[in-house]
Amino acid sequence: MANRGGGGCPTHKTASTEVLLSRAVWIVPNLRRGLVWHMHEKPFRKVRHQAYVGRERAITQLAEQFRAPPGMTTIVGVGNWSAQDRGGTMRGTPPGPWIRFLRRLRRVCRVVVVDEHRTSKLCCACHTTLHAHQYMRVHNGEEKLVNVWDTKRCANRACKVNVVNREVNGAVNILMLLKRFFVNALRPATLGSGGYSYLYEPLWWAGFLSMVVGELANFAAYAFAPAILVTPLGALSILVSAVLAHFLLNERLNGFGVMGCILCVTGSLAIILHAPEEQVFESIPQVWALVVQPGFLLYAASAVAATLLLIFRVPPDVAASNPLVPIAICSAVGSLSVMACKALGLAVRLTLAGSSQLGHPATWAFAATVVVAVLTQMAYLNRALDLHSTALVTPLYYAGFTSLTLLASAVLFGQAAGGVAAASQASGFLTILCGTTLLHATRDADLAALAPLLGLARRAGEDQPAVELAKDARV
Numbered sequence: 104m105a106n107r108g109g110g111g112c113p114t115h116k117t118a119s120t121e122v123l124l125s126r127a128v129w130i131v132p133n134l135r136r137g138l139v140w141h142m143h144e145k146p147f148r149k150v151r152h153q154a155y156v157g158r159e160r161a162i163t164q165l166a167e168q169f170r171a172p173p174g175m176t177t178i179v180g181v182g183n184w185s186a187q188d189r190g191g192t193m194r195g196t197p198p199g200p201w202i203r204f205l206r207r208l209r210r211v212c213r214v215v216v217v218d219e220h221r222t223s224k225l226c227c228a229c230h231t232t233l234h235a236h237q238y239m240r241v242h243n244g245e246e247k248l249v250n251v252w253d254t255k256r257c258a259n260r261a262c263k264v265n266v267v268n269r270e271v272n273g274a275v276n277i278l279m280l281l282k283r284f285f286v287n288a289l290r291p292a293t294l295g296s297g298g299y300s301y302l303y304e305p306l307w308w309a310g311f312l313s314m315v316v317g318e319l320a321n322f323a324a325y326a327f328a329p330a331i332l333v334t335p336l337g338a339l340s341i342l343v344s345a346v347l348a349h350f351l352l353n354e355r356l357n358g359f360g361v362m363g364c365i366l367c368v369t370g371s372l373a374i375i376l377h378a379p380e381e382q383v384f385e386s387i388p389q390v391w392a393l394v395v396q397p398g399f400l401l402y403a404a405s406a407v408a409a410t411l412l413l414i415f416r417v418p419p420d421v422a423a424s425n426p427l428v429p430i431a432i433c434s435a436v437g438s439l440s441v442m443a444c445k446a447l448g449l450a451v452r453l454t455l456a457g458s459s460q461l462g463h464p465a466t467w468a469f470a471a472t473v474v475v476a477v478l479t480q481m482a483y484l485n486r487a488l489d490l491h492s493t494a495l496v497t498p499l500y501y502a503g504f505t506s507l508t509l510l511a512s513a514v515l516f517g518q519a520a521g522g523v524a525a526a527s528q529a530s531g532f533l534t535i536l537c538g539t540t541l542l543h544a545t546r547d548a549d550l551a552a553l554a555p556l557l558g559l560a561r562r563a564g565e566d567q568p569a570v571e572l573a574k575d576a577r578v
């Protein structure tokens, strides 16, 4: 509109009130005509149509470049626009041209949508956090550090990748995830968010409800058996999970895994055969009298202080990179939750037997302790599993949680065995720990490289690994 009559309109630096008023007098009567010319005349429609045709031609030509030669298949991994990043600029919604390009691309090759969460934030070589590259810039005679957001620098000084383009790094990580997708491998724990995005997953809630059923049975066990017996036997759940995964999820249990299962069973038998007798309590005040003893008060205060110190004083980057931090929190809080659960189970059992314990304030104190401790324990255990490997977290958590629980039980109930019984329980605990470590450390191990050393050979007709079958695909 300015080109048709508003040319030469003075700027705010030179315009006077009279000149601006004269321009307004001209613009107001011609405003409707100018809008009609902009919205309905053919030149703009022609430009819009030409842009659409050119875009479609460019999209088609780009998609055709991915068409594989005869006898081959092209597999393309594309990011999902950070669907987990709820606060992102696009908010999980890609632009229209990208959606049309994916439609064309699916006609010529196979497209796999890959969760790109954190792929551009972690180094493609060592999965260490990437930082923005900085350089010194002289501005107005002063040196100033300037961030280059498109170029990233690996925080790991020992990594072979020093400086890398952000988009190239993300593409390499997506290709790595695409390869793991085709060999049915788990997503690397370092690419987890460490937050609470799992709360949006229905599958997580299904597993959580299943775990609740199991914990109710565990709660009943604490009501009728000493904690020094129930807690170490929790490793049997790992054994059952490994066996069920072998038959139901096609996760093959190798020779080392079978050996780990046998060690778990052997250690459990040693603990069961030398378990102490259960103490008999007639009311909750009897348990509360043991809680307020100086020994257990000192242990509880130490556990709470250590937990608060790890939560509020440890830097976030250290807590995210070191698995011992969340595991220590879970172990300390978990030992208190087991003691409170033991007392609460006793209150429920006595109440069902006719001796109501609901009128004692100690009962509700134990219930509140169970709720707070379980929520804290679950949050930090999920964070540890999200940021670190299961093969590392599970043995460490089992060792720390069981050790502190046995210590708390010995301090509170005085159930520490002596002589041969104590030695047998300690050996059983160490045997279970070795079996758990062996089971998880070798879960994803490929024993093909050890076959010549062990005198093993591939069976006739055995399927080739999925990695070899995927070599025919061009990514």
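Residues 104 to 578 in our numbering are what the sequence shown spells out, letter by letter. C-beta atoms are modelled at their ideal positions from N, C-alpha and C, and glycine is treated no differently.
- If you ignore the 5 residues before and after Val514, its C-beta comes within less than 6 Å of the C-beta of Gly398, Phe399, Tyr402, all in its own chain and listed in chain order.
- Nearest in C-alpha terms to Ser506, of all of Leu281, Gly457, Ile430, is Ile430.
- Distance from the CA of Thr534 to the CA of Pro464, rounded to the nearest whole angstrom, comes to 41 Å.
- Taking the Cα of Pro173 as reference, the smallest distance to any Cα among Cys212, Leu205, Val451 is reached at Cys212.
- In the DSSP secondary-structure assignment, Glu245 is bridged to His242.
- For Cys257, the pairing in a beta bridge is given by DSSP as Leu233.
- In this structure the region 214-230 touches the region 274-285; the number of beta carbon pairs closer than 8 Å is three or more.
- With respect to the 9 Å criterion, Tyr483 and Ile432 are classified as neighbours on the basis of their beta carbons.
- For Arg213, the enclosing beta strand (DSSP E) has its first and last residue at 213-217.
- Separation of Ser405 and Arg256 (C-alpha to C-alpha, rounded to the nearest whole angstrom) is 41 Å.
- In this structure the region 387-397 touches the region 462-482; the number of beta carbon pairs closer than 8 Å is three or more.
- Cβ atoms of Leu542 and Ala345 come within 8 Å of each other, at about 6 Å.
- For Cys229, the closest alpha carbon among the candidates Arg452, Ser424, Cys444 is that of Ser424.
- Boundaries of the alpha helix (DSSP H) around Gly273: 269-285.
- For the pair Ala324 and Val383, the Cα-to-Cα distance works out to about 15 Å.
- By the neighbour-count criterion, in which a residue is buried when 16 or more other Cβ atoms sit within 10 angstroms of its Cβ, His242 is exposed.
- A check of alpha carbon separations from Cys364 across Ser340, Ser386, Glu246, Leu351 identifies Ser340 as the nearest.
- Contact between Ile387 and Gln480 does not hold, since the beta-carbon distance rounds to 23 Å and is not under 8 Å.
- Following the DSSP letters along the chain, one finds Gly398 inside the alpha helix (DSSP H) bounded by residues 397-415.
- When the beta-carbon positions are compared, Gly437 and Ala476 come within less than 9 Å of each other.
- Note that the C-beta distance between Gly531 and Thr410 is not below 9 Å.
- By the beta-carbon neighbour count (other beta carbons within 10 angstroms, threshold 16), Pro132 is exposed.
- Rounded to the nearest whole angstrom, the CA to CA distance from Leu488 to Val496 is 7 Å.
- Between Phe169 and the set Arg210, Ile202, Thr231, Phe322, the nearest pair of CA atoms involves Arg210.
- One thing to note: Leu208 has its Cβ no nearer than 9 Å to the Cβ of Asn272.
- Per DSSP, the unbroken alpha helix (DSSP H) holding Thr454 starts and ends at 427-455.
- Taking C-beta atoms as the reference points, Leu439 and Phe322 fail to come closer than 9 Å.
- Comparing alpha carbon positions, the residue from Ala435, Lys247, Leu427 closest to Ala408 is Ala435.
- The beta carbon of Leu453 sits closer than 6 Å to the beta carbons of Gln460 from its chain, once the five residues preceding and following it are set aside; these are given in chain order.
- For the pair Ile178 and Phe311, the CB atoms are not nearer than the 9 Å cut-off.
- DSSP links Ile178 through a beta bridge to Arg213.
- With a 10 Å radius around the Cβ and a threshold of 16 neighbouring Cβ atoms, Gln164 comes out exposed.
- Your pair Val275 and Cys227 checks out as a contact, with CB atoms roughly 4 Å apart and the cut at 8 Å.
- Under DSSP, Val266 forms a beta bridge with Arg256.
- Partner residues in the beta bridge of Val251, as assigned by DSSP, are His236.
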